[in-house]
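Numbering (this note's numbering), first residue to last: 12 to 593.
Heads up, the beta-carbon is just placed ideally off N, CA and C, and yes, glycines get one too.
What follows is one structure encoded as structure tokens, with my remarks underneath.
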Amino acid sequence: MSSQDGKQAEEEAVAESATDLANAPDTTGPGHPPDEHVPLDLAADRPAETDRTVFGVAAILALAIIVWGVLAPDSLASVSSTLLNDAVIPYGGWAFVLTASGFVLFAVCLAISRYGRIPLGGDKELPEFRTSSWIAMMFSAGMGIGLMFFGVYEPVSHLASPPPGTAAPNSDEAVHTAMATTLFHWTVHPWAIYAVVGLAIAYSTFRKGRSQLISSVFAPLIGKRRTEGPLGKAIDIMAIFATLFGSAASLGLGALQVGGGMGAVGWIDSPGRGLLVAIIAILTIAFIASAVSGVAKGIQWLSNINMVLAAVLAVFVLVVGPTVLILNIVPGAIGDYFRELAEMSGRTGMTGGDEMQTWLGGWTVFYWAWWISWTPFVGMFIARISRGRTIRQFIFGVIAIPSVVSLIWFAIFGGAAISRQRAGTDIAGAGSAESATFKLLETLPWFVPIAILVMLLVSIFFVSGADAASVVMGTLSQRGSVHPSKSVVIFWGVLMGAVAAVMLLVGGDKALTGLQNLTILIAVPFVFVMVGLCVSVWKDLRNDPLMKQEDAMMLSLKELHEERTNGHGRRRTILGRSKHRT
């Protein structure tokens, strides 16, 4: 074999290896033999061990807030409302608006880049859950109960009272603005926020073998020693605190909607505090039972049931409601969303004065703060169920699929509500958010059985969301173990139910509203935490073994190409000189 042929064979071998390496993550997934599942020895898989500092401080702070809410609910509501409305929203609203869009760009850029091929686990590790169950679990835990609350209320609210300076109330233009604004709040942006945190935790845990803690993600940025020190513990305590109180506020709202449904169907005159506490107690027992059964048994089972029930409800409203209008709204809403995306992403108090600032505080900025307050819980949970998937699969799955489901959901329920609102039924003025859903259902056939189905859906969303939250808090307080002890999970579950029940029983709506505001205030530092997460995960990905091997392969190809090119050049020079001499 000649020297030239040897170089060509070597170059082809390197190119083939580089191609195989680039496609390596694609060999994982369903359809490959079980012996290809080669999981890493992960810190998260080790036996649970309680971090007494994190667990103790978080529990004491939670109990202190409970005592404050019991003894002085008006004070709790006043202080948290003042801080939120007079400080965070007017002076920090721009930060929420800017970073929310930044997280979308960061997530999408990672997905379409070469980093998208990196698996969240070993190179040949299979996904832990089927794709259908994976989608159902992350959707139920992420915002299921929120869709039940706002599926009807938000579109008709924006129709009756559009964002300042956009459209006349109840006009054709207001319909477009209402759907675009609703999708802006419930599709790409919130799920990109979840995806950033979930990706950082999943990569750190399943690719690097670190503990499943938010603090562990910062190892490339601040060093492992600091993540295990006071700074790391403070991050994990904030995560537990935000998860506990954010979940408790949602549980209280869920109980209010179930109680409101019972009143709407005529079972009771009006839901009193005793009934609401009883609802919380029953559902708390249910989600504790689900949580201690394990993720694969509890949350997966509940999520699959809820997806079926939600689909039944959506199909019913689509068929018996204004079907043609709903079908027309789907492509129209997509076009409205992309047409107005830049304008919606840039809304601040500067563009509309005090009126716009007030509107943003009640909608966009409130939503961004609310989603960020849920990132420790939802991000860690979707990381827990995404082991074995590639970064590209994870990001596109977490952002695209729930966004499409939200689009369909709001098109059906929002479209039906808009149709009734413009026909003369005042759904927007029916009262609270939970009342709007039942007001719409009253205009459709079979009101009582469908209202019961809605209450059942809310209850299961209550259980599945609280189930996931209690497991996540157990993980955070037990050094990142993905299998926290049942006693710790039960403790956080009971405390979560107790927070919601005590606030409803003693403080009524004021304490619960104060608790919601306080949850957002506590979650404000997570804006900075999430920015740090982006920097840290970027540093991690640049040093990923797969990327380093790929860089080495490309460097070898480049060197071979240069050597071959230089060799040809030298041979041409020699031949040229020989001819010249001849």
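Is the segment 443 to 454 in contact with the segment 170 to 184, if contact means three or more CB pairs nearer than 8 Å?
no
Do L506 and A73 have their CB atoms nearer than 8 Å?
yes
I'd like to confirm the pairing. Which residues does DSSP put opposite T401 in its beta bridges?
P130
Taking E165 as the reference, which of V208, T193 and V330 has the closest Cα?
T193
Pull up the distance between the alpha-carbon of G240 and that of G491, whole angstroms please.
15 Å
According to the Cβ coordinates, are V90 and V513 closer than 8 Å?
no
Looking only at its chain, what residues have a beta carbon closer than 6 Å to the beta carbon of N34, apart from the 5 residues adjacent to it on each side?
For N34, the pLDDT reaches just 34, beneath the cut-off of 50, and the residue's location in the model is therefore unreliable, although a value from the coordinates is still provided. Same-chain partners within the cutoff: there are none.
Just curious, the alpha helix (DSSP H) that W278 is in, first and last residue?
From DSSP, W278 is part of no alpha helix (DSSP H); its letter is neither H nor E.
Over what stretch of residues does the alpha helix (DSSP H) that includes F217 continue unbroken?
Looking at the DSSP string, F217 is not in any alpha helix (DSSP H), and its letter there is neither H nor E.
Selected residue, minimal CA-CA separation from R398, among F66, A534, L131 and P342
L131
Would you check if there are 3 or more beta carbon pairs closer than 8 Å linking the segment 258 to 270 to the segment 285 to 292?
yes
In whole angstroms, what separates the C-alpha of A171 from that of Q432?
9 Å
Distance, F405 Cα to P387 Cα:
17 Å
Are the segment 237 to 251 and the segment 418 to 427 in contact at 8 Å, needing three or more beta carbon pairs?
no
What is the residue span of the alpha helix (DSSP H) that I77 lies within?
R63 to L82
Grouping DSSP H, G and I as helix and E and B as strand, with all else coil, what is G240?
coil
Between which residues of its own chain and C545 is the CB-CB distance below 7 Å, once the five residues before and five after are set aside?
F117 and V207
DSSP on L320, reduced to helix/strand/coil?
helix
CB contact flag (P320, L87, <8 Å)
The question names Pro, but residue 320 in the sequence shown is Leu. The answer is no: Cβ separation not under 8 Å.
How would you call F349, buried or exposed, if buried means at least 16 neighbouring beta carbons within 10 angstroms?
exposed
CB contact flag (A534, I383, <8 Å):
yes
What residues in its chain sit with their C-beta under 6 Å from that of G209, if we drop five residues either side in the sequence?
G390, I393 and A394
Selected residue, minimal CA-CA separation from P460, among M273, A439 and H187
M273
Look at the alpha carbon of F377 and the alpha carbon of E574, and state the distance between them as a whole number of angstroms.
60 Å
Which class does W374 belong to by DSSP, given the choice of helix, strand or coil?
coil
Measure the alpha-carbon distance for D610 versus I225 and round it to whole angstroms.
Here the chain covers residues 12 to 593 and nothing more, so residue 610 does not appear.
Nearest by alpha-carbon distance to Q560: which of Y126, V482, C120 and Y205 is it?
Y126
Within 8 Å, strictly: CB atoms of Y205 and V78
no
Ignore the nearest five residues each way along the sequence and tell me which others in S481's own chain have a CB closer than 6 Å to its CB.
A302, V500, W503 and G504
G332 vs A427 beta-carbon contact at 8 Å:
yes
Check whether the Cβ atoms of F107 and V538 lie closer than 8 Å to each other.
yes
Given a cut-off of 8 Å on the beta-carbon distance, is the pair S414 and V115 in contact?
no
Pair within 8 Å by beta-carbon distance, F298 and D134
no
What whole-angstrom Cβ distance do L371 and G360 have, given they're in contact under 8 Å?
7 Å
At the level of alpha carbons, what is the spacing between L552 and Y102?
34 Å
Inter-residue CB distance, T576 and Q223 (contact presumed, cutoff 8 Å):
The Cβ separation is near 49 Å, so there is no contact.
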